[in-house]
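For what it's worth, full-length UniProt numbering labels the leading residue of the sequence shown as 1, then goes sequentially.
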Amino acid sequence: MSENDDKPILRYNANERSNHWIVAILFVLAGLSGLALFHPALFWLSNLFGGGPWTRILHPFIGVAMFVFFLGLVLRFWRANFITANDRLWLRRVDRVMLNQEEGVPAIGKYNAGQKLLFWTLLACMLVLLVSGVVIWRAYFSHYFDIGTIRLGALLHALAAFVLILSIIVHIYAGIWIKGSIGAMLHGWVSRAWARKHHELWYREVTGDKTPRDHGRKQG
Numbered sequence: 001m002s003e004n005d006d007k008p009i010l011r012y013n014a015n016e017r018s019n020h021w022i023v024a025i026l027f028v029l030a031g032l033s034g035l036a037l038f039h040p041a042l043f044w045l046s047n048l049f050g051g052g053p054w055t056r057i058l059h060p061f062i063g064v065a066m067f068v069f070f071l072g073l074v075l076r077f078w079r080a081n082f083i084t085a086n087d088r089l090w091l092r093r094v095d096r097v098m099l100n101q102e103e104g105v106p107a108i109g110k111y112n113a114g115q116k117l118l119f120w121t122l123l124a125c126m127l128v129l130l131v132s133g134v135v136i137w138r139a140y141f142s143h144y145f146d147i148g149t150i151r152l153g154a155l156l157h158a159l160a161a162f163v164l165i166l167s168i169i170v171h172i173y174a175g176i177w178i179k180g181s182i183g184a185m186l187h188g189w190v191s192r193a194w195a196r197k198h199h200e201l202w203y204r205e206v207t208g209d210k211t212p213r214d215h216g217r218k219q220g
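Here it is, written out as C-alpha cells:
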C-alpha cells in the first residue's frame, strides 16, 4: 500500500462549495416567498419576509440572485455534465445501481447520468423561471406585455417552480442516500475508496491510477 492510498481527494474547492450553499439558501428563500404568493393558504409564510408587500418586493430579487449564482455553478460544471455512451448504459442499468449491484454497471466520470440529467433540468427550470419572472414582474416589466402573455408567464413560472422543487428534493435525497456526498459539499474532500466506487473514471483522472476497480466489469 502506497502512502497516497489513504490520502483524500479534493472534489469541490472552497469557491465551489460557497457558490453551492449560496444557491441553496437563495432557493429556500425564493421557494418560501414564492409559495406565500402562490396560494392564500400559504400566505402566512409572508411573515418570514416582513409581510405581503415585502414578500412581493423581495421575491423577484431573490430569484434573480439565485439565477446569477446558479449560473456560476453552470460555468464551473457544464463540461462535466455532457451525456456519454457510458451514461446511457448506466441509465439502462439504473436498477442495478439502486440495488448497489456493480456487475455490468459502467464506470462513470465526476457525475453519473442521474446527476447530469438533474443538472440540465435545473438549468432549464432556472431559465424558464427567469424569463417568466421578468414577464410577470409588475414593478418593472409586466406593463410591456399583454394580459395573455402575462397569464402564460404566470403558468410557466408555477410549473417550472414545481419541477424545480421536486428536482431539489430528489437532489437532497440522493445526497443523503449516497453516503459521503454531503460531506464532499461541506468540507470538499472524499476518500479514495468513495471516489473509486462511485466515480471511477473521475478517480482515475485525478489520481492517474488506470487500474480498473473490477477487472471483470464491463466498461460499456
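Just so you know, even glycine gets a beta-carbon here, dropped at the ideal spot from N, CA and C. Bear in mind that the values here come from a model prediction, so they are computed numbers and not experimental data.
For residue i versus residue j, is the C-beta distance shorter than 8 Å?
i           : j           : result
residue 26  : residue 80  : no
residue 136 : residue 147 : no
residue 96  : residue 109 : no
residue 171 : residue 129 : no
residue 194 : residue 180 : yes
residue 20  : residue 73  : yes
residue 45  : residue 36  : yes
residue 69  : residue 22  : yes
residue 10  : residue 188 : yes
Out of the options, which one is the CA nearest neighbour of residue i?
i           : options            : result
residue 53  : 117, 156, 173, 139 : 139
residue 71  : 148, 120, 190      : 120
residue 175 : 111, 84, 43        : 111
residue 159 : 34, 74, 114        : 34
residue 113 : 15, 7, 198         : 198
residue 8   : 192, 206, 207, 208 : 192
residue 63  : 161, 206, 207      : 161
residue 38  : 77, 93, 155        : 155
Span of the alpha helix (DSSP H) holding residue i?
i           : result
residue 123 : 113-135
residue 60  : 52-77
residue 149 : 147-177
residue 105 : Here residue 105 belongs to no alpha helix (DSSP H), and DSSP marks it neither H nor E.
residue 83  : Per DSSP, residue 83 belongs to no alpha helix (DSSP H) and is neither H nor E.
residue 246 : In this structure the chain extends from 1 to 220, so residue 246 is not present and cannot be described.
residue 38  : 14-38
residue 96  : 94-98
Going by the DSSP bridge assignment, what does residue i pair with across the sheet?
i           : result
residue 202 : The partner list for residue 202 (beta bridge, DSSP) is empty, contrary to what the question assumes.
residue 9   : 190
Note down, in chain order, each residue of its chain lying with its Cβ closer than 7 Å to the Cβ of residue i, except the 5 sequence neighbours on either side.
i           : result
residue 118 : 167, 170, 171
residue 60  : 133, 137
residue 185 : 12, 17, 20
residue 206 : 9
Less than 6 Å between C-beta atoms, sequence neighbours within five positions excluded: which residues of the same chain meet that for residue i?
i           : result
residue 67  : 126, 130
residue 182 : 175
residue 141 : 134
residue 274 : Absent from the structure is residue 274, since the part of the chain shown begins at 1 and ends at 220.
residue 164 : 125
residue 145 : 135
residue 43  : 36
Any heavy atom of the ligand MN inside 7 Å of the beta-carbon of residue i?
i           : result
residue 114 : No copy of the ligand MN appears in this structure; indeed no ligand is present at all.
Leaving out the 5 sequence neighbours to the left and right, which residues in its chain are closer than 8 Å to residue i when beta-carbon positions are compared?
i          : result
residue 57 : 139
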